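Heads up, the thing below is written out as structure tokens.
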Amino acid sequence: MSIPFYGLKEKDLNLIYLSSIESMHCIKVLRHKIGDKIKVLDGMGHIYECEILDDNYNSCTVKIIKSDFIEKNKFNIHIAVAPPKSTDRLDWLVEKIVEMGAYKLTFIKTRRSIRKKVKIERLKKIAISSMKQSFNPYKIIIEDMIAYKDFILGVKEKQCVIPHIVDKKRLFISKALESDVNTCAIIGPEGDFTVDEVNLAVDNNFKTVSLGNRRLRTETAVISTIGAFNFINGF
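Quick note on numbering: the sequence shown equals residues 3 to 237 in my numbering.
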């Protein structure tokens, strides 16, 4: 199956004008011609089958022939994470979070965080690429770095979990998670959270959970958490 493109339908028209980046890839790299059929995602649940109307590699116009709509999961997971120092690992982390279907990603700054800032616009481009590669019809929301305390105090999801290794008084995540509930999971740096950070989370209705007996890298902990959420909900 060919990788789809990303674009937004024009209001009141059956047309999509691909961005310069998408147009260049479509016409110059993949060498599509006028009349060729392609798939386009809008990041809002629609999968369009389209016909190419022109070969302008700066702004290619495509006509919508068929439209399918994929309903969003009724319940979703919001991942908050202290980003790893390595750019390659951070990029990989964003790709996998999108592939696994999280609806929102927020970067947090904790006491032991090594990376203090992220290039949000660059990561959004990586997320769109991963969305297309995995045929995920929904574009993830990515939020810039926020202080740990500010994030904890502003969480809106009904179910919140914090995997950590500060102490042993934790339920395994598959037993702690309830199904059919919007969920927030907060993942710390590889130096883990401090005791005070865990206590702050617990005081604000976070459940402390375990991901197993091994010490996991940040990105592995994120994947394990989303995997448990998806399994519990049958996604």
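Cβ atoms here follow ideal geometry from the backbone N, Cα and C, with glycine treated the same way. Predicted model only: the values in this text are computed from it and were never measured.
Close beta carbons around residue i, own chain, < 8 Å, minus the five adjacent residues each side
i           : result
residue 234 : 176, 179, 180 and 181
residue 134 : 5, 6, 7, 8 and 43
residue 38  : 53 and 54
residue 16  : 65 and 66
residue 94  : 221
residue 60  : 22, 25 and 26
residue 151 : 202
residue 238 : It is not possible to answer for residue 238, since the shown part of the chain is limited to 3 through 237.
residue 207 : 162
residue 41  : 4, 6, 7, 49, 50, 51 and 52
residue 30  : 59
Beta-carbon gap between residue i and residue j smaller than 8 Å
i           : j           : result
residue 100 : residue 142 : yes
residue 145 : residue 108 : yes
residue 159 : residue 80  : yes
residue 242 : residue 113 : With the chain running from 3 to 237 in the structure shown, residue 242 is simply not present.
residue 225 : residue 46  : no
residue 104 : residue 228 : yes
residue 124 : residue 221 : no
residue 164 : residue 211 : yes
residue 153 : residue 122 : no
residue 76  : residue 140 : no
Opposing strand residues paired with residue i [DSSP bridges]
i           : result
residue 164 : 210
residue 53  : 39 and 65
residue 106 : 80 and 143
residue 173 : 211
residue 186 : 80 and 162
residue 148 : 110
residue 71  : 48
residue 233 : In DSSP, residue 233 forms no bridge with anything.
residue 7   : 42
residue 18  : 11 and 64
Beta-carbon proximity list for residue i, same chain, < 6 Å, skipping 5 on both sides
i           : result
residue 97  : 132
residue 190 : 84 and 112
residue 157 : 186
residue 136 : 101
residue 130 : 8
residue 174 : 212
residue 18  : 9, 11, 42 and 64
Chain-order list of residues whose beta-carbon lies under 7 Å from that of residue i (same chain, five-residue window excluded)
i           : result
residue 78  : 105 and 184
residue 87  : 116 and 117
residue 192 : 219 and 220
residue 62  : 20, 25, 28, 29, 54 and 56
residue 217 : 167
residue 128 : 93, 96 and 97
residue 238 : Given a span of 3 to 237 for the chain in the structure shown, any question on residue 238 remains unanswerable.
residue 155 : 206
Quiz item: Quick check: the region 70–85 against the region 22–37, are there 3 or more CB pairs under 8 Å?
Solution: no
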